[in-house]
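Chains as they are written, first to last, in my numbering: chain A, 1 to 365; chain B, 1 to 365; chain C, 1 to 365; chain D, 1 to 365.
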């Protein structure tokens with residue numbers, strides 16, 4: 001089994017290589033890089049010294065030799081590789097946004113300024129959040145043509161945090177859900193820029209792209225899909241990303257107004273009692289999910305409790321008045337938020353144990 | 001003019017000493033510390049070496065000799081000093097929560113587990129947010145008896161961020177305002193604890209005391225007061241604090257549903273047009289405030305732009321759908337959120353220029 | 001195969017548990033903790049939630065059931081467990097300093113203020129730096145009684161960095177070797193203290209215990225042992241530790257005056273030529289070592305290139321005048337500097353592949 | 001009095017503006033920037049919003065209007081402005097390396113790859129470390145033509161740390177002095193680069209340019225000058241810079257072999273006694289220096305004790321064997337290491353109190 005990574009020297013690509021190299025089912029790797037073609041991966045990342053000394057080739061050589069392709073390229077340029085792989089029946093897992101919107105060309109072009117050259121490919125595309133779309137991923141894989149639109153980091157944390165509340169009618173139907181997220185700086189990628197220059201972001205926090213971040217429509221689409229699946233209207237979504245001085249991790253704090261009907265159905269009680277009931281719903285909902293941990297009441301989700309792992313930790317709280325559910329959802333943005341989830345999708349596609357190669361216990365520090 | 005600081009070796013107390021020592025109207029200082037009585041301040045903080053070598057005495061000696069008293073003590077123990085000073089006509093500026101709630105003994109005791117021994121003192125107490133209560137501070141000062149309940153750090157950033165929207169009818173009357181805040185670790189004080197142990201909070205973010213932080217009722221009380229002053233109902237408040245791996249700073253992201261009436265009155269338009277109108281209202285509202293900066297549209301509030309200064313930076317945004325005002329409000333938690341605001345209150349009380357001793361341009365890094 | 005960890009809730013102990021839980025030869029674990037006896041490990045470290053939910057027992061239960069014992073206790077209290085295990089023929093790997101000094105009771109008591117109650121145990125003790133003492137570890141293991149004095153973090157980085165220069169006569173015999181090291185804060189352990197309180201060490205570096213750190217005699221003893229093995233006099237050692245605002249990692253910069261004779265023997269040349277020759281010696285010296293990486297000339301050792309791994313990265317430099325060898329040696333203080341090296345020692349003892357359970361590629365960020 | 005800053009938008013230039021704007025003798029500023037000409041300073045650094053809204057012009061307009069010129073440009077391009085100012089009798093304070101080497105054209109060109117177009121300017125140049133060259137600065141200022149070569153950051157910390165030992169014969173004449181330094185990331189300037197990209201340097205330390213940093217010859221020249229002034233031979237110097245994940249600060253740990261003769265003259269004693277004697281020499285040596293603080297024995301120099309101030313803190317230690325003096329010397333690299341020292345030089349030139357505009361007590365956090 002040979003895995004190919006197109007764009008192996010960006011942060012997500014390199015993290016993929018690191019994860020894949022420890023995957024028990026992967027025998028070899030093929031890697032490409034536009035910026036560093038002809039160099040060795042360990043020249044670009046000395047971390048790999050003595051471990052992965054592979055030459056970086058071009059994308060064509062990667063797609064020609066591998067049994068599964070991961071693309072970790074900028075938005076808007078993976079389509080040709082997706083087409084080639086789909087035609088050959090090679091699963092294609094795309095970490096860009098290009099295949100996250102299905103056939104909703106309008107949203108995709110409005111937010112990304114691109115249109116698909118081969119819109120027929122979208123019939124093979126699935127949004128790769130296994131907790132939401134596992135069956136569809138398996139179905140496409142079985143049919144022999146599959147393009148996974150691997151989810152964005154913020155949408156992963158937001159969607160897993162809100163899904164049970166939306167699905168189970170805990171969320172008030174018409175009310176806006178606010179997703180307030182904080183990310184580490186690796187989310188900005190490997191290219192130096194003033195916003196990610198150490199002295200500009202160390203010892204400081206800031207919001208950015210307020211009301212205008214491209215993950216807004218992705219979160220909204222996910223929430224709408226979850227709601228639709230349970231015959232509910234799509235909730236409005238408000239999303240604000242923040243940058244914190246840390247390398248990895250996303251913490252999303254999600255404000256979900258409680259459905260009056262649901263609350264009445266529980267017989268009321270103190271906010272902590274309601275929280276306990278919702279926590280039970282969440283635990284049951286995710287009972288069989290290997291990578292979602294619903295935390296006990298005395299633990300609040302924190303990014304350093306999922307660091308370097310594929311977990312999404314969720315803690316369940318109520319505001320003081322008892323009107324609003326507050327979910328804290330933590331992931332490692334480079335693992336469950338990118339490379340780890342891509343590996344998880346590969347595992348689903350090939351029928352491997354879903355935790356294969358992803359058994360990392362979160363680093364303690 | 002001699003200023004006294006009771007509790008000079010906690011973080012807020014020591015920061016006060018640093019600011020007061022550069023204040024042009026302060027000739028000398030008297031300092032006390034329970035933990036380090038008999039030592040020199042520069043033994044506890046070598047930063048002061050060669051500059052402030054004062055002996056740390058007890059609170060009695062401080063109140064006996066100074067013309068203005070700052071108390072930076074834990075909650076629940078300043079009352080006796082407030083009483084003594086008030087009787088002697090010495091302005092008393094209290095950085096604890098003890099005098100922030102006026103005569104609302106119920107809220108104070110519910111959240112702090114204390115009751116006032118001398119409730120009559122509350123008639124001299126004023127919540128020391130000069131942008132809200134400057135006139136009342138001057139009035140009490142003129143009358144000769146004043147206790148300033150210096151605001152909490154989170155409530156300062158939240159209140160300044162929301163005030164114009166509440167006062168000017170931009171906020172929908174009945175809708176909950178969500179305050180989502182991120183703080184640096186100095187907010188936890190100088191005493192070592194596991195939560196603030198470097199390896200436990202470095203390279204990580206977390207929420208804490210979700211739905212249960214003591215600054216919730218303080219923010220709610222401020223919002224209610226602002227609304228009442230403009231004949232509006234008190235908005236419900238939801239507040240979540242987060243901890244980020246930085247020393248100083250608070251960034252509050254505040255979600256305020258727009259009043260349909262107000263929006264209609266503006267004639268509508270794109271979200272960015274609405275944002276511009278609200279920004280203009282904010283700028284006008286704070287036109288004469290020396291420490292509030294309403295930022296231009298291309299700048300988002302960040303804690304490193306107010307670092308080491310007494311400024312509150314406010315940026316005005318709208319969510320993508322145009323339904324909700326999103327305010328980012330940044331302060332240095334130890335300056336405008338504690339010691340700097342205390343000095344500002346002293347300036348108001350004594351009729352000094354309000355920026356006296358607080359002219360620091362924010363450190364660039 | 002059952003591994004026991006006494007003191008499983010300190011940082012080194014918990015890191016051991018994390019590593020051992022992924023070790024292919026370890027079937028089960030037994031854990032003890034004085035502070036948290038009766039609780040579950042995942043209560044103390046939520047990172048383990050859903051993965052290791054073991055109850056924390058007492059040391060007696062651990063030593064009674066396991067086939068290998070790791071002790072991660074404070075200095076001076078492991079001797080009784082070492083005695084018990086040795087008598088039963090169970091390998092005992094001690095992360096404290098108690099068995100690092102062999103029968104040199106004088107040095108041990110001078111620096112640690114303790115004396116051995118059972119000095120006869122020292123005959124079974126070996127300093128557990130496999131790159132130096134692999135044969136002796138195997139010998140004792142074969143004989144059935146072994147106590148490994150697992151090396152300190154600073155001595156590991158210093159000893160691996162200087163070993164080839166001392167062994168191969170590159171170091172001038174009589175000249176002092178200066179070891180200037182920088183450590184992350186996890187080196188200070190899990191107990192909160194002012195020195196490790198976030199606001200006291202964030203955004204700052206400092207030296208500490210200058211001329212007086214307990215790892216000085218350990219480094220000196222290692223250097224002397226290396227020199228003696230090659231019939232050279234023990235070099236004087238000067239060691240200064242520093243604290244930097246990061247979680248993990250140690251970087252040691254080691255200044256080794258060049259032996260005039262050795263330099264003459266190379267035929268001279270520019271400093272970079274000499275550096276290349278020394279780099280070749282180092283590469284050859286460590287050719288078969290799985291965890292030592294001698295870096296190419298264009299890479300300087302950095303802690304983020306060994307993060308979360310058991311590697312020691314070594315870069316070889318010369319000062320501008322060509323008189324002094326400068327070695328940069330980087331390890332992860334919690335892995336190669338503590339828990340990883342302990343596992344490596346277990347692997348040597350039991351004849352497992354030395355990299356078993358330690359295959360982690362350094363985390364990229 | 002109008003001060004001009006050429007290159008006002010780099011980190012050193014902007015810090016200069018911040019300091020000068022609070023200087024009691026400076027009435028106005030003129031600023032230039034090649035990159036941002038025509039914009040306002042507050043557009044580039046929102047920190048200045050509402051405080052310094054000056055337009056950024058070109059260098060010619062600055063030199064035409066100001067009474068003192070600070071140049072914060074890259075190396076090799078200030079000469080023309082220095083010439084113009086010198087001809088007009090305007091003091092010129094250059095933060096680049098161009099005038100740090102006097103008429104030693106060979107060293108300057110060897111390390112910086114440049115030669116002076118107007119070598120006659122060097123007669124007016126003085127190395128601007130006031131503690132070393134105050135008299136010469138005053139002499140040139142009085143004569144009406146002065147170019148200050150403002151010292152590099154590392155050389156400032158190294159030179160102040162070693163000066164008394166070299167001057168007073170504490171350092172062994174022929175022995176190499178090792179300067180091992182750790183810097184914050186602002187030292188790398190404002191331009192984004194991979195080395196200073198947050199995820200590449202956060203949570204990590206590394207050495208760089210080992211044996212090859214341009215500050216090596218500057219330190220060597222300073223040490224030689226100090227020695228020559230006291231009729232001693234120039235000591236060899238070995239210098240290694242490191243990068244730590246913090247914004248500001250430099251800590252230099254300096255290893256100085258003790259002169260046997262000096263040690264004998266003291267009558268010997270324990271290392272701590274010798275340290276006390278040396279500390280007394282240092283204290284006496286710097287008795288009248290306003291910005292050098294020799295610390296008491298229980299305090300070790302740390303960068304967070306001089307943060308945001310113009311101090312150089314020095315702690316005096318001996319190695320365990322008593323053979324080597326270990327000096328820890330801490331400065332804020334952007335203040336005493338750059339902009340603050342430049343202001344100090346201006347104060348000396350104009351006969352202002354040397355602490356004018358530099359009274360900042362180090363920020364506590």
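Even glycine gets a Cβ: it sits at the ideal position worked out from N, Cα and C.
{"Query": "Which runs of the beta strand (DSSP E) fall wholly inside the stretch 112-153 of chain D and span at least 3 residues, in chain order?", "Result": "125-127, 147-149"}
{"Query": "Please name the residue, chosen from A:300, A:279, A:129, A:2, that lies closest to residue 20 of chain A on a Cα-to-Cα basis.", "Result": "A:2"}
{"Query": "Does DSSP put residue 248 of chain D in a helix, a strand or coil?", "Result": "coil"}
{"Query": "Relative to the C-alpha of residue 175 of chain B, which residue among B:260, B:57, B:283 is closest?", "Result": "B:260"}
{"Query": "Is residue 36 of chain D helix, strand or coil when you go by DSSP?", "Result": "coil"}
{"Query": "Are residue 326 of chain C and residue 312 of chain C touching if we call contact CB-CB under 7 Å?", "Result": "no"}
{"Query": "Under a Cβ-count criterion, where at least 16 other Cβ atoms within 10 Å of its own Cβ denotes burial, should residue 118 of chain B be classed as buried or exposed?", "Result": "exposed"}
{"Query": "Can you tell me which of the three DSSP states residue 294 of chain B falls into?", "Result": "strand"}
{"Query": "Three or more C-beta pairs closer than 8 Å, one from the stretch 64-78 of chain D and one from the stretch 92-109 of chain D: is that the case here?", "Result": "yes"}
{"Query": "How would you list, in chain order, the residues of chain C whose beta-carbon sits under 7 Å from the beta-carbon of residue 332 of chain A?", "Result": "None at all; the shortest Cβ gap to chain C is about 10 Å."}
{"Query": "Taking only beta-carbon positions, decide if residue 186 of chain A is within less than 7 Å of chain D.", "Result": "yes"}
{"Query": "When we look at the beta-carbon of residue 262 of chain D and count the other beta-carbons within 10 Å, is it buried (16 or more) or exposed?", "Result": "buried"}
{"Query": "Using a cut-off of 7 Å between C-beta atoms, extract the partners of residue 248 of chain B located in chain D.", "Result": "365"}
{"Query": "To the nearest angstrom, how far is it from the Cα of residue 345 of chain A to the Cα of residue 128 of chain A?", "Result": "6 Å"}
{"Query": "Which residues of chain A have a Cβ atom closer than 7 Å to the Cβ of residue 203 of chain B, listed in chain order?", "Result": "246, 247, 304"}
{"Query": "Here's the rule I'm using: 16 or more other beta-carbon atoms within 10 Å means buried, otherwise exposed. How should residue 298 of chain B be labelled?", "Result": "exposed"}
{"Query": "Apart from the five residues on each side of it in sequence, which residues of its chain come closer than 6 Å, Cβ to Cβ, to residue 12 of chain C?", "Result": "72, 95, 338, 339"}
{"Query": "In the stretch 90-114 of chain B, which residues sit with their C-beta less than 8 Å from some C-beta in chain C, listed in chain order?", "Result": "none"}
{"Query": "Expressed to the nearest angstrom, what Euclidean distance is found between the alpha-carbon atoms of residue 142 of chain D and residue 291 of chain D?", "Result": "23 Å"}
{"Query": "Buried or exposed for residue 341 of chain D, please, with buried defined as at least 16 other CB atoms from any protein chain shown within 10 angstroms of its CB.", "Result": "buried"}
{"Query": "May I have the straight-line CA-CA distance separating residue 272 of chain D from residue 92 of chain D, to the nearest angstrom?", "Result": "45 Å"}
{"Query": "Residue 288 of chain C to residue 365 of chain C, Cα distance in whole Å?", "Result": "28 Å"}
{"Query": "State the Cα-Cα distance for the pair residue 121 of chain A and residue 169 of chain A, rounded to the nearest angstrom.", "Result": "34 Å"}
{"Query": "Counting only runs that start and end within the stretch 59-96 of chain A, where is the beta strand (DSSP E) found for 3 or more residues in a row?", "Result": "68-71, 92-94"}
{"Query": "Kindly list, in the order they appear in chain B, the residues whose Cβ is closer than 7 Å to that of residue 194 of chain C.", "Result": "192"}
{"Query": "Under 6 Å Cβ to Cβ from residue 256 of chain A, same chain only, skipping five residues before and after it: list those, please.", "Result": "165, 171, 177, 325"}
{"Query": "Per DSSP, what kind of secondary structure is residue 56 of chain A in: helix, strand or coil?", "Result": "strand"}
{"Query": "Under a Cβ-count criterion, where at least 16 other Cβ atoms within 10 Å of its own Cβ denotes burial, should residue 150 of chain B be classed as buried or exposed?", "Result": "buried"}
{"Query": "Just checking: is the beta-carbon of residue 197 of chain C within a distance shorter than 7 Å of some beta-carbon in chain B?", "Result": "yes"}
{"Query": "Measure the Cβ-Cβ separation of residue 205 of chain B and residue 240 of chain B and say whether it is below 7 Å.", "Result": "no"}
{"Query": "In chain order, what residues of the same chain have a beta carbon less than 8 Å from the beta carbon of residue 283 of chain D, not counting five sequence neighbours either side?", "Result": "294"}
{"Query": "Counting only beta-carbon separations shorter than 7 Å, does residue 50 of chain B have a partner in chain D?", "Result": "yes"}
{"Query": "If I follow the unbroken alpha helix (DSSP H) through residue 241 of chain B, where does it start and stop?", "Result": "First-last for residue 241 of chain B: 237-243, but that is the beta strand (DSSP E), not the alpha helix (DSSP H)."}
{"Query": "Let me know the secondary structure DSSP gives residue 331 of chain A once reduced to three states.", "Result": "strand"}
{"Query": "Leaving out the 5 sequence neighbours to the left and right, which residues in its chain are closer than 8 Å to residue 242 of chain A when beta-carbon positions are compared?", "Result": "180, 181, 182, 183, 205, 206, 207, 208"}
{"Query": "Between C:309, C:25, C:275, C:286, which has its C-alpha nearest residue 318 of chain C's C-alpha?", "Result": "C:275"}
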